[in-house]
Amino acid sequence: MKRYFLIIIAILALSCHKDKVVSDNPYLPNYSFSVVINTNLPSYSNLNFPSNPVLITNAGAGIKGIIMMKVGTDDYRAFEASCPNQYPSDCTQLTLNGINGKCSCDSKEYSLYTGGVAVGTGQYSLKPYRVEISGANLRVYN
Numbered sequence: 006m007k008r009y010f011l012i013i014i015a016i017l018a019l020s021c022h023k024d025k026v027v028s029d030n031p032y033l034p035n036y037s038f039s040v041v042i043n044t045n046l047p048s049y050s051n052l053n054f055p056s057n058p059v060l061i062t063n064a065g066a067g068i069k070g071i072i073m074m075k076v077g078t079d080d081y082r083a084f085e086a087s088c089p090n091q092y093p094s095d096c097t098q099l100t101l102n103g104i105n106g107k108c109s110c111d112s113k114e115y116s117l118y119t120g121g122v123a124v125g126t127g128q129y130s131l132k133p134y135r136v137e138i139s140g141a142n143l144r145v146y147n
């Protein structure tokens, strides 16, 4: 009995991976990138305060850009700035609407706290990106 218990525990332990982000969204490709944001710069200073999202459209930052927001002490969220329920096009870059990202194609809104649909309905949530904090620098990457 102990033997089976140990085998089951070993299988569960080996199948877990804390840094794995699964994205099976067929509309948004997975591009590898890494961008460093300095929150001391005026264009990113809103990231020093909770609930003040910033749209980052630097070259190489995601597909249509990144939307970042500080959600607590040393806690940031970063999402792809593309509408997650449509293929990328001219109207699929999200715009900021308070603490939501709004898709101009279909008027759906997505929470920048959770990435989930806040207004309207949709199968997919916002595509999350990882954030690493190093002093005033935030590294966003996929």
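Residues 6 to 147 (my numbering) make up the sequence shown, in order.
Think of the CB as a built atom: it goes at the ideal place given N, C-alpha and C, for glycine as much as any other residue.
None of the values given here were measured: they were computed from a predicted structure.
Pull up the distance between the alpha-carbon of residue i and that of residue j, whole angstroms please.
i: V124; j: L101; result: 13 Å
i: N57; j: P89; result: 21 Å
i: D29; j: L46; result: 35 Å
i: V26; j: R135; result: At V26 the pLDDT is 45, less than 50, meaning the model places this residue with poor confidence and gives no usable figure here.
i: S109; j: P31; result: 20 Å
i: N43; j: T126; result: 35 Å
i: V40; j: N53; result: 17 Å
i: V145; j: L60; result: 13 Å
i: L33; j: D111; result: 17 Å
i: K132; j: K113; result: 15 Å
i: Y49; j: M73; result: 10 Å
i: K107; j: Q128; result: 16 Å
Hey, could you find the ends of the beta strand (DSSP E) residue i is sitting in?
i: C108; result: 105 to 108
i: G77; result: 71 to 77
i: I42; result: 39 to 43
i: D80; result: 80 to 85
i: L52; result: Segment: none, L52 is in no beta strand (DSSP E) and carries neither H nor E.
i: L60; result: 59 to 61
Less than 9 Å between the beta carbons of residue i and residue j, yes or no?
i: S87; j: I68; result: yes
i: G70; j: Q98; result: yes
i: A66; j: F38; result: yes
i: P55; j: G77; result: yes
i: D95; j: I138; result: no
i: N147; j: N35; result: yes
Using C-beta distances below 8 Å, list every residue in its chain close to residue i, excluding the 5 sequence neighbours before and after it, in chain order.
i: S130; result: P89, Y115, T119, G120, G121, V122
i: N142; result: V41, I42, N43, T44
Given residue i, which residues of its chain have a CB within under 6 Å of its CB, disregarding the five upstream and five downstream residues?
i: K75; result: L52, P55, Y81
Quick check on residue i - is its C-beta less than 9 Å from some C-beta in chain B?
i: D29; result: As a matter of chain content, chain B is missing from the structure shown, which is built from one protein chain.
Please determine whether the Cβ atom of residue i lies at a distance below 8 Å from any heavy atom of the ligand GDP.
i: L99; result: Here there are no bound small molecules, and the ligand GDP is not part of this structure.
- Start-end ranges of the beta strand (DSSP E) lying completely within the stretch 98 to 142, minimum 3 residues: 99 to 102, 105 to 108, 114 to 116, 122 to 124, 133 to 139
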